[in-house]
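Novice: Just so we're aligned: the sequence shown equals residues 1 to 231 in full-length UniProt numbering. By construction, the Cβ of each residue, glycine as well, lies at the ideal position given by its N, Cα and C atoms. Just dropping this structure here.
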Amino acid sequence: PYSAKWSAADKFLSDPRFERFGKLAPKSKADFAFLLHGFYHLKESGTMGIVLPHGVLFRGAAEGTIRQSLLEMGAIDAVIGLPANIFFGTSIPTTVIILKKNRSRRDVLFIDASQDFEKQKNQNVLLDEHIDKIVSIYKKREDIERYAHVASFDEIQENDFNLNIPRYVDTFEEEEPVDLVAVNTNLLKINEELVQQEQVLLSLINDFSESEENQALIDSMRLLLRGGHDE
């Protein structure tokens with residue numbers, strides 16, 4: 001349950017699951033309580049994956065303290081951003097946090113898989129090819145432009161232990177520069193063509209029989225084609 005409530009009672013500060021972190025997850029957001037519970041019960045050689053809302057990556061106060069402690073321990077191995085609307089019951093985008101005990105390094109692999117999905121009627125779906133791609137990059141642990149980045153502990157520290165994925169994986173694509181000269185030339189050409197067409201139409205109007213019943217219509221058309229101003 002994302003951001004569920006819990007008691008956050010002071011007694012939990014001496015609970016072996018939480019005491020080493022010195023802080024408790026806030027009452028209104030038990031995300032880190034779930035994470036630390038799972039991490040405590042993880043085997044020394046095990047790997048843990050937990051799906052959580054993105055807020056755990058950047059929220060401050062007690063959550064920021066817990067996140068910093070986990071990073072200093074080297075416990076966070078990877079952060080994987082998933083697409084929105086892939087789980088029943090919530091449409092929010094989520095993240096998978098991979099944790100390990102006794103890592104010898106403190107870097108973190110970031111993967112932005114938020115666009116890896118197939119849109120179906122009511123739900124976005126991760127296909128096998130998307131999952132295989134994520135798993136492959138996780139195993140290789142390599143940088144891929146606009147998709148994955150291995151951030152050093154120093155880099156994360158410089159970001160104040162904020163793990164928000166866009167800080168580490170830049171998915172922005174620059175638009176091609178606009179050729180203003182070409183645009184201006186095209187506009188001038190269009191304007192010339194409009195003037196030519198107006199002249200043709202005015203010529204047709206002049207050839208039109210200027211009977212009394214048509215004269216008012218003709219005068220109105222001439223005025224319109226001349227920009228609404230009398231000569």
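(1) At 4 residues or longer, and completely inside the segment 16-71: list those alpha helix (DSSP H) runs for me, N to C.
(2) Here's a check: name, in chain order, each residue in its chain whose Cβ is nearer than 6 Å to the Cβ of residue 122, leaving out the five neighbours to either side.
(3) With DSSP run on the structure shown, which of helix, strand or coil describes residue 96?
(4) Tell me, please, whether the segment 52-61 touches the segment 83-100 by the rule of three or more beta-carbon pairs shorter than 8 Å.
(5) Compute the distance between the beta-carbons of residue 148 and residue 156, then report whether it is under 8 Å.
(6) With H, G and I counted as helix, E and B as strand and the rest as coil, what does DSSP make of residue 150?
(7) Would you be able to state if there are at least three C-beta pairs under 8 Å between the segment 60-73 and the segment 22-37?
(8) Determine which residues share a DSSP beta bridge with residue 78 and list them.
(9) Report all residues from its chain with a CB closer than 7 Å to the CB of residue 13; omit the five preceding and five following residues, and keep chain order.
(10) For the pair the segment 161-181 and the segment 103-119, tell me if three or more CB-CB distances fall below 8 Å.
Specialist: In short, the structure shows the following:
(1) 31-40
(2) Closer than 6 Å at Cβ, skipping near neighbours: no residue.
(3) Reduced to three states, the DSSP call for residue 96 is strand.
(4) yes
(5) Result no, Cβ atoms of residue 148 and residue 156 do not sit closer than 8 Å.
(6) Per DSSP, reduced to three states, the secondary structure at residue 150 is strand.
(7) yes
(8) 98, 109
(9) If we look at residue 13 and ignore the five residues flanking it on each side, its Cβ neighbours are 19, 24.
(10) A contact is defined here as three or more CB-CB pairs under 8 Å, and the segment 161-181 meets this definition with respect to the segment 103-119.
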